[in-house]
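Note that the sequence shown covers residues 17 to 266 in the numbering used here.
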Amino acid sequence: MEIVKSGSTIQSLQIGMSILDLLASQRTPLRFSDIQELTEITKSNLYKYLNTLTQLELLYRDKTTGMYHLGSKLIQYGMAAIGNEDVTSRITPYLQEISHHTSCTVLFSVWTYDGPITAKIWNSNQNLNIGAQLGTRLPPSSSSGKVFTVFQDSSLTAEWIEKDRNVTGSLETDEYHEIRRYKIAFAKEPLVPSVSSMSIPVFNYNSELLGAITAVGFTESIPNHYEDPLSDYLRKRCLEISKIFGYSAE
Numbered sequence: 017m018e019i020v021k022s023g024s025t026i027q028s029l030q031i032g033m034s035i036l037d038l039l040a041s042q043r044t045p046l047r048f049s050d051i052q053e054l055t056e057i058t059k060s061n062l063y064k065y066l067n068t069l070t071q072l073e074l075l076y077r078d079k080t081t082g083m084y085h086l087g088s089k090l091i092q093y094g095m096a097a098i099g100n101e102d103v104t105s106r107i108t109p110y111l112q113e114i115s116h117h118t119s120c121t122v123l124f125s126v127w128t129y130d131g132p133i134t135a136k137i138w139n140s141n142q143n144l145n146i147g148a149q150l151g152t153r154l155p156p157s158s159s160s161g162k163v164f165t166v167f168q169d170s171s172l173t174a175e176w177i178e179k180d181r182n183v184t185g186s187l188e189t190d191e192y193h194e195i196r197r198y199k200i201a202f203a204k205e206p207l208v209p210s211v212s213s214m215s216i217p218v219f220n221y222n223s224e225l226l227g228a229i230t231a232v233g234f235t236e237s238i239p240n241h242y243e244d245p246l247s248d249y250l251r252k253r254c255l256e257i258s259k260i261f262g263y264s265a266e
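What follows is the structure, encoded as structure tokens:
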């Protein structure tokens, strides 16, 4: 690892960024020993760098495997840097529209190495605790999680689903097929008591899942079946929004 020394730069920051660059270039989680070997940073200093980067959520350390991944904070930074050209910015007007129509808090979630996380939240009701903030990892039992379970590549979701299986159980076969057919998922109080949700997928031109849009509200106001008028409204938005990314249902 080559660090250019200069009186006008902070060398420790350069080293920290080089660790992030390493994780990004390897495109796979790395163990402490792997990072130490590739960077040649002393073990005592590397521990401090990794601990700091993990606390800042720039890295994530899997407690089970001990392996380091790029952290969710980098996703937030990336989305902010891309600006109006990113998916979230193009979807935001629809989040506002859905929130206004449903009187629900609406969030957009995207896939990461450790499952889906919330990338954007539009709050229509500041007094509603939805149990999620930007960067929150969503479980398979949430309606967003169900959308990713059904439409995301199973090779990517298998480990995430397995981690939560003992807590949430598996998605029933009938529900799985209904979500795939009608492109809407429901969850009753998955994160917070009295708060339920419904989610739709967003696809691109290759029919690949870009993310999930979720309406969150008090349980009595959230339907649990695709034939409800509110569900029908969201299903139409699913197609409308996906079309701007080149998706065709035919």
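Where a beta carbon is used, it is the ideal one built from N, C-alpha and C, also for glycine.
Remember, predicted model here, so these are calculated numbers, not experimental data.
Legend entry - Bridge-paired residues (DSSP) for Ala203: Mapped onto the sequence shown, residue 203 falls at position 187. Paired residue(s): Ser213.
Inset, instruction - Determine the direct distance from the alpha carbon of Ser49 to that of His117, and round the result to whole angstroms. - result: The residue you call residue 117 lines up with position 101 of the sequence shown. The residue you call residue 49 lines up with position 33 of the sequence shown. Roughly 52 Å between the two C-alpha positions.
Inset, instruction - Please work out which residues of its chain come closer than 6 Å, Cβ to Cβ, to Pro206, disregarding the five sequence neighbours upstream and downstream, and give them in chain order. - result: Within the sequence shown, residue 206 is the residue found at index 190, counting from 1. Contacts found: Ser157 and Ser158.
Inset, instruction - Could you name the residues of the same chain whose beta carbon sits closer than 7 Å to that of Thr128, not counting the 5 residues immediately before and after it, in chain order? - result: Mapped onto the sequence shown, residue 128 falls at position 112. Excluding residues within five positions, the ones whose Cβ falls inside 7 Å are Ser88 and Ile91.
Legend entry - Cα-Cα separation between Cys120 and Asn222, rounded to whole angstroms: Residue numbering aside, residue 120 sits at position 104 when the sequence shown is read from its first letter. Residue numbering aside, residue 222 sits at position 206 when the sequence shown is read from its first letter. Cys120 and Asn222: Cα-Cα distance of roughly 30 Å.
Inset, instruction - Please report how far the alpha carbon of Phe329 lies from the alpha carbon of Leu225, in whole angstroms. - result: Examination of residue 329 is not possible in this model, given that the chain is present from 17 through 266 alone.
Inset, instruction - Determine the direct distance from the alpha carbon of Gln149 to that of Thr80, and round the result to whole angstroms. - result: Counted from its first residue, the sequence shown places residue 80 at position 64. Counted from its first residue, the sequence shown places residue 149 at position 133. So the alpha carbons of these two residues sit roughly 24 Å apart.
Inset, instruction - Between the Cα of Met83 and those of Asn61, Tyr65 and Thr44, spot the shortest distance and give me the residue it belongs to. - result: On the sequence shown, residue 83 is found 67 positions in, with the first residue counted as 1. Taking only the C-alpha atoms, the option nearest Met83 is Thr44.
Legend entry - Ser237, DSSP secondary structure in three states: Residue mapping note: residue 237 aligns to position 221 of the sequence shown, counting from 1. Looking at Ser237 - three-state DSSP - the assignment turns out to be helix.
Inset, instruction - Can you grab the Cα-Cα spacing for the pair Glu175 / Asp78, in whole Å? - result: Here residue 175 refers to the residue found at position 159 of the sequence shown. Here residue 78 refers to the residue found at position 62 of the sequence shown. If you take the alpha carbons of Glu175 and Asp78, they lie about 12 Å apart.
Inset, instruction - Measure the C-alpha to C-alpha separation of Lys59 and Asp130 and round it to an integer number of angstroms. - result: Here the question's residue 59 lines up with position 43 in the sequence shown. Here the question's residue 130 lines up with position 114 in the sequence shown. Cα to Cα, the separation comes out at about 26 Å.
Inset, instruction - State the Cα-Cα distance for the pair Asp248 and Ser171, rounded to the nearest angstrom. - result: Stepping through the sequence shown from its first residue, residue 248 is reached at position 232. Stepping through the sequence shown from its first residue, residue 171 is reached at position 155. Between Asp248 and Ser171, the C-alpha separation is close to 31 Å.
Inset, instruction - Measure the CB-CB distance between Ile216 and Leu246 and report whether it falls below 7 Å. - result: Position 200 of the sequence shown, counting from 1, holds the residue named residue 216. Position 230 of the sequence shown, counting from 1, holds the residue named residue 246. Not in contact: Ile216 and Leu246 (Cβ atoms no closer than 7 Å).
Legend entry - Helix, strand or coil at Gly262 [DSSP, three-state]: For the purposes of this step, residue 262 is taken as residue 246 along the sequence shown, with counting starting at 1. DSSP places Gly262 in coil when its eight states are reduced to three.
Inset, instruction - Output the boundary residues of the beta strand (DSSP E) element that contains Pro132. - result: Against the sequence shown, residue 132 aligns to sequence position 116. Note, Pro132: beta strand (DSSP E), Gly131 to Trp138.
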